[in-house]
Amino acid sequence: MEVKKLKTDSAAVGTPLSYLLQEEVQLIETTLGGVQMGSMLPYQGIVDVLCEACEQLKWKTPTKIQKEAIPVALQGSDVIGLAETGSGKTGAFALPILQTLLDKPQRLYALVLTPTRELAFQISEQFEALGASIGIKCAVIVGGIDMMTQSLMLAKKPHIVIATPGRLVDHLENTKGFNLRSLKYLVMDEADRILNMDFEQEVDKILKAIPRERNTLLFSATMTKKVAKLQRASLQNPVRVEVSSKYQTVDKLQQYYLFIPVKFKDVYLVYILNELAGNSFMVFCSTCANTQRVALMLRNLGLTAIPLHGQMSQSKRLGALNKFKSKNRSILIATDVASRGLDIPHVDVVLNLDIPTHSKDYIHRVGRTARAGRSGVAITFVSQYDVELYQRIEHLIGKKLPLYKTEEEEVMQLMERVTEAQRYAKMEMNESERGRKKRRNDEDDDADDTEESLDVSDDTPETNPLLRYHDMPDFNIPPDKVITGTAKLSQDYEVALLQHLKHLQDSTEPPTFESVIDPLENARVPLYYSLYTGRQLGSGKAGRYFEAYKKTIDIAGQVESERWYGNSLYKALLSVRNSGNLTEVQSRLVDLYLCEFIRNGAEMKESQKKELSVVIQKITEEQKKYKRNLDTAYSMALRKVDEGHIAGIPVQILQYMVPPGSDPRKGPWRIVPHPMVYEGILRYSRMASLRRDTWIKMVSMAGSDMMERRSSNVHAIHGIVQNRHVMATRLGFKSYVDLVLERTMAGSMDNIVSILDMIKNKLYDIVKDDLETLKEFSNKPQLEHWDVEYYRNLQLEELFNLQELRYFCDYFPYTKFRDSFFQLCTKLFGITFQERNDCSTWHENVEVFDILEEDGTVAGTIYIDPYARDDKLDRSYYEMGRDRSAVAETTPLTYVSLRINPSYDQSKPSVMQFDDIQSFIMNMGCALQCILSRAPYSEMSGNRHMEPDAQKIVPYTLLNVIQIPEVFKSLSSHHSSGVEIPDEQLNSMIGAQEHMQAIDVLNEAFKSALDLEFYLEETRGTFIKTPESTPDQYNRLYKEFIPMPLHPKDERFCTFHDIFIGGRSCLYYAEIWSKMVAADAASAFKEVLHDEQKLALVGKRFKDTYLTMGAAVDPKTVFRTFMGRDPTPEPFLAKFDNRKAIATEE
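1 is the number of the first residue of the sequence shown in the UniProt record's numbering; add one for each residue after it.
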């Protein structure tokens, strides 16, 4: 058989404009006044509708293989295409198939065989994108997906079938009614790899099942003996198109090697990832186990790594690939399953952590980068055992690679952190392996060592209690069921969402609020019930339950966000809003949805959405850089100290300074980057030099001193601020501040600035006097920054006799205080608490209470986990357990977890410190607001989606009421005598809590003002011009708010993570705002405290507004309904009046 041969000399082909860097193209376009450069050269012989599709995909010129193969295929000849990886082979066969399909439309027109599942899905995406305007239907038939679902897809007779050989044969042999007897095109992509994976028998069966009269297109990177044999068996008079006849890599790929001992591979990997941060990486490993281990290790170091290997289930593999392609993850750790065929154009760096066994695989691996004319970097790790393999690679590519230069000193600084991360990764893998073995033993099944068990979707309410969302939670559920149950509900949610979007699109009836929202509500409530339950198990039991919960977040998060991309839902919501037939809560919910849609680009053109996506990705990368710099600064902050340094530091602080399992009284001690340690040293250490060094280290962390090490956050902050401004303007706002404040109670920058100015004007002189008092108390000529907390604490002990106050807790045994608080709630709000003993709990100490309305109906249920223990989170918290929903017919559940020290003395109950009381009140306030809410929709229930500066008004109001001395005293009862706390002791404790509190409040006001100032459009220019220096805003605002000289090392803004990478950007003021409004609301209770009848009316009014309206009503309206006016800061500032009078008198 004659094979005609065409060959293209790559050296003769010029670099088209589309191969320029995107920035260069944009620059040229701008220079030429908006003339669109790079207009598409015609795809020879391709019709206009497909050419337009190519242009939308930014295929501006045909690649070499496309130029040669497409005309031949359009002539009806069989084609053998030989081209290097990343050369555009998919377009070379997709375009001629679609064009001929347009001429003669037919179902089951073409079959594309691929070696891997990922490549099959990628080819399907390309076909659907090219054929979107002509209604092309594709079916992907691969392993790891339910065959019944695939059979239904095949029954619909798609135009194009993309399949892996093994699964296609399964359907040809077992699926009734399915055949390919009318097939017109057969494509075998990556044919050499199909045959290398031992699919020869399956390919033979497929060739026998399809017509002999067909067109066959065979594409391969190499012409092996097996491929030549297949060519002779399946092609007729083929034309051979070859654009590369030897193994080579593209010119724009910079290739290096790194020769290191095998034991240092991981630390050098982390060094390079930090060194080249901001790029996207593919890291290749030789085994599935090592891929999983490296991914876990990098995650433990805070890097966004995700694994991809053959032992993962199909949905996991696709999920990993999609997260990397969408830039949600910047590091893909993969085996050779990802080395060929996948088109991920944004890969910047390829790292061969394990050198490939076959030298040809090196070409395919490094071909993942430097694609489509972009530049790229490839670094191969070579250990003492890899020299021979490396020499084969150099021989294959015909050149010697340069050594990648590293700074060994910087590498070794990472060793301690990497070693710790390796240890945790190994523990996680061992735990996972034990879990799999236990499942195999318990279930006596044939589950293999994969992640397949994470995707079990056949759970039912009978087999998994997580699906019984109307019942009380079953906390005896095994971790596996947490994962599979959430996976099942995620699948149900996704199916329901897609069906709902399709119904909205096809419906001819005008949408109503109920027809749009109710289906979403019914799908969402069960899913979130499973997430809440899993989260509580992870928080209350830790261990495998915490790992299970982390997995469920990944499972559910992706499907939940899909609703913001449903155009039919957006249009339906607009129609509902314009109808005008909405209640206030319905209107707020619709506005919430529309706001999210707009922020996700619903009003934008596709090109604008892509631009917005690029900006958001830049923000994400800068935030990662910020966090990484902080981690580096923390690792450099470690310092060993001896017994002399720890004098005066309480054991509660020392426990954070010793290794796990060590006695905090015996050491060894280290200063670690933990807020408790820093604050403890500044407050208690008697060594001024240690306080000084700790304070300077704390305020200069990740500052300009770290510029030389490239670990300064100054540039990262500059990038975050600048790109957030760009994002806001793209979304139609003047500044990022305006974007954030759109849905807040404050409503405007002017209102916030007004409050912050009032606090500054009120407290500046008070704080100045306090500092002068501390200076006199210290007998020092100059009070330094690191002296303030130390002498403040010493003065506190002297003024309030803290030794006597340690008996304060004896008057507040937990159970008596809890019951007294319940009785107060009955008195104020008319509700009662009824304990339950019939509920499953995650620990024997957990208490369960139904909260009953005055008519005896159950409003909801609260779980309280009061005592500290090792297997729960080391902080107090409140969480939802189930949302209230009239549509889904669910009542609310809440969880409150505290850290009260348990009593090990049977003769004495557990007692509460002042901080324990505050935590109890704050968390119970949140719980009551969610349980008593009457909002009928889950997303308006309690404080869910409430304006962020209003979310803590209820708990702070209750705390203000409780701290009224008469109320506080009424809640006390000595654990043995039952008497109330003496007035003198109570007043001393309250006084101790308020001692020099103005210093803290003024500092919080300063950070709030700084947060807003960073993001204001009119001040942004100053910051951008001088990113290397301390921002002018910081210097100016510091002088306005803080009555102490600015220390030259003070660059604390570089560690204000709440502002830059946390959830409080432009919202740092929210805490102060909530306290201000709460103090005003609490004044209503204080005014009628001694009138029982009026107090009951105020309590009822508070319940009918703040506790029942929740997020269903605008918070300004809620306050006006309760108080009859707008809030004022006077009650909040009034508590400082006495302090100011005392200072003036002194």
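Beta carbons are placed, not taken as given, at the ideal position from N, Cα and C, and that holds for glycine.
Taking the Cα positions, F808 is about 19 Å away from V961.
Beta bridge pairing from DSSP links R836 with V848. The beta carbon of A647 sits closer than 8 Å to those of S685, R686, M687, all from its chain and outside the five residues before and after it, given in chain order.
A contact between stretches requires three or more CB pairs, one per stretch, nearer than 8 Å, and the region 782 to 800 fails this requirement with the region 969 to 985. Beta-carbon to beta-carbon, S286 and K327 are separated by about 26 Å, too far to satisfy the 8 Å threshold.
Nearest to L403 by alpha-carbon distance, out of D492, N300, I260, G166, is I260. Under the DSSP assignment, V47 falls outside any beta strand (DSSP E); it carries neither an H nor an E label. Taking a C-beta distance under 9 Å as the contact criterion, L296 and Y424 qualify as a contact pair. Just measuring C-alpha positions, the residue of K67, A53, D983 sitting nearest G131 is A53. Membership of A523 in the alpha helix (DSSP H) is indicated by the continuous run 513 to 541. In this structure F1006 touches F1041 by the C-beta definition: roughly 4 Å separates them, less than 8 Å.
Annotated as distal: L414 and I379, with beta-carbon spacing of 9 Å or more. Boundaries of the beta strand (DSSP E) around M188: 185 to 188. In this structure V1098 is buried. Its beta-carbon is surrounded by 16 or more other beta-carbon atoms within 10 angstroms. In chain order, Y814, P866, Y867, A868, S910, M912, D916 place their CB closer than 7 Å to the CB of I900, counting only its own chain and leaving out the 5 sequence neighbours on each side. Apart from the 5 residues on each side of it in sequence, P519 sits with its Cβ closer than 7 Å to the Cβ of A496, H500 in its chain, given in chain order.
Between the region 104 to 114 and the region 158 to 178 there are three or more C-beta pairs closer than 8 Å, enough to call the two in contact. Checking the DSSP bridge columns, you'll see V767 has no partner listed.
The alpha helix (DSSP H) runs of length 4 or more contained entirely in the region 681 to 738 are, from start to end of the chain, 688 to 700, 714 to 730. Judged by DSSP secondary structure, I206 falls outside any beta strand (DSSP E) and instead within the alpha helix (DSSP H) spanning 200 to 209. In the structure shown, the three-state DSSP call for V482 is helix.
Here the region 608 to 620 lies against the region 706 to 725, with 3 or more beta-carbon pairs under 8 Å apart. DSSP places W669 within a strand segment (E or B) once states are collapsed to three. By the Cβ rule, the region 748 to 759 counts as touching the region 991 to 1006, because three or more pairs are nearer than 8 Å. Its chain contains L108, Y109, A110, L111, I210, P211, R214 as the residues whose beta carbon lies nearer than 8 Å to that of L183, once the 5 sequence neighbours on both sides are disregarded; these appear in chain order.
At a Cβ-Cβ threshold of 9 Å, Q608 and R730 count as neighbours.
Taking the Cα positions, E55 is about 15 Å away from K610. Annotation: M657 to R691 spans about 15 Å, alpha carbon to alpha carbon. Per DSSP, L805 is not a residue of any beta strand (DSSP E); the alpha helix (DSSP H) it occupies stretches across 802 to 805.
For D78, no beta strand (DSSP E) segment is defined, and its DSSP state is neither H nor E.
Within the region 1051 to 1075, the runs of alpha helix (DSSP H) that reach at least 4 residues and sit entirely inside it are, in chain order, 1057 to 1060. The three-state reading of DSSP puts S972 in coil, since its state is none of H, G, I, E or B. For K1039, the enclosing alpha helix (DSSP H) has its first and last residue at 1032 to 1041.
Taking the CA atoms as reference points, F1102 sits about 6 Å from F1122. Put simply, of Q929, G1063, D874, F914 the residue whose alpha carbon is nearest the alpha carbon of R806 is F914.
Counting the other CB atoms within 10 Å of its CB gives T419 a total below 16, which places it among the exposed residues.
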